[in-house]
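Trainee: Below is a structure I'd like to ask you about.
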DNA sequence: ATGACAACCTGTGGGC
DNA sequence: TGCCCACAGGTTGTCA
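Numbering (my numbering), first residue to last: 360 to 628.
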């Protein structure tokens, strides 16, 4: 479910319902996520007021008076606002109960997500992250520089969080199509000019996807429960074997680093 | 340092 | 209809 636009959509969905509320309690039904939720999290977070929300990479950061609650949605997680009295469904692992009768409810079938309570932004999981794709720190020159000497396929390079954060499988496929670059090409073998096109493509795609409320593939809904509408704009992801929207050739589907990659053999070189 | 790959876990869809 | 396998939006840790 969640790539960067989905996480940002979630953040925007919950923000107005969370800020200025006080956390009454944190109800943990199942602590076994990507990492076990630490026992102290619930008692420490309880009683604190929510000051604001931020996002770093695909981490959702909920700033409290004395801590920051860091949530990752993993592969299948969602965080939604609802009345705390709503009967929990299967895989509703955590409720952040607020003092206005609502809660932020975390559902995650695959349990690849995580909850951490930080005392500062200097956390091991955040320390080595690359630039935000929508910031000015990220551009073609940065990609070109980081790619010197790299033999890995450009798609895997682009999905490496130390290079740039927030570009998952969907948007990596789409950005490479938009930039006319074949996913298998070695990262160190691509010109500055082409990296400039790639960086622009990443920015355009992510901004557009956020605008559309994220990409709903199966059942993604933002914090406000609304689905995303970006899926209908996808040009290659999930379209292996179908015809290229630009040249009508047949899109090729391969496995690269254990992830499905789709590209046009004519438009992407 | 880099890159290849297994691992975490559940659900779903396709093929037989 | 039912079973089994492959694969699914992510990321870390290990090993060569």
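The beta carbon of each residue, even a glycine, is placed where N, CA and C say it ideally should be.
#1: Give, in chain order, every unbroken run of the beta strand (DSSP E) that is at least 3 residues long and sits entirely within the region 473-508.
#2: With a threshold of 6 Å on Cβ separation, who are the neighbours of residue 556 within its own chain once the five nearest residues in sequence on each side are excluded?
#3: Is the number of C-beta pairs between the region 540-553 and the region 601-611 that are closer than 8 Å three or more?
#4: Could you give the DSSP three-state label for residue 548: helix, strand or coil?
#5: Could you pull out every residue in the same chain whose Cβ sits closer than 6 Å to the Cβ of residue 527, ignoring the five residues on either side in sequence?
#6: So, with DSSP's three-state summary, where would you put residue 391?
#7: Is it the case that the Cβ atoms of residue 370 and residue 439 are separated by a distance below 9 Å?
#8: In whole angstroms, what separates the C-alpha of residue 453 from that of residue 460?
#9: Residue 612 lies in the beta strand (DSSP E); which residues open and close that run?
#10: Between the Cα of residue 485 and those of 446, 385, 520, 506, spot the shortest distance and give me the residue it belongs to.
#11: If residue 447 and residue 388 are in contact, beta carbons under 8 Å, what's the gap, nearest whole angstrom?
Mentor: With the structure as the only source:
#1: 473-477
#2: 538
#3: no
#4: helix
#5: 362
#6: strand
#7: no
#8: 16 Å
#9: 611-615
#10: 520
#11: 7 Å
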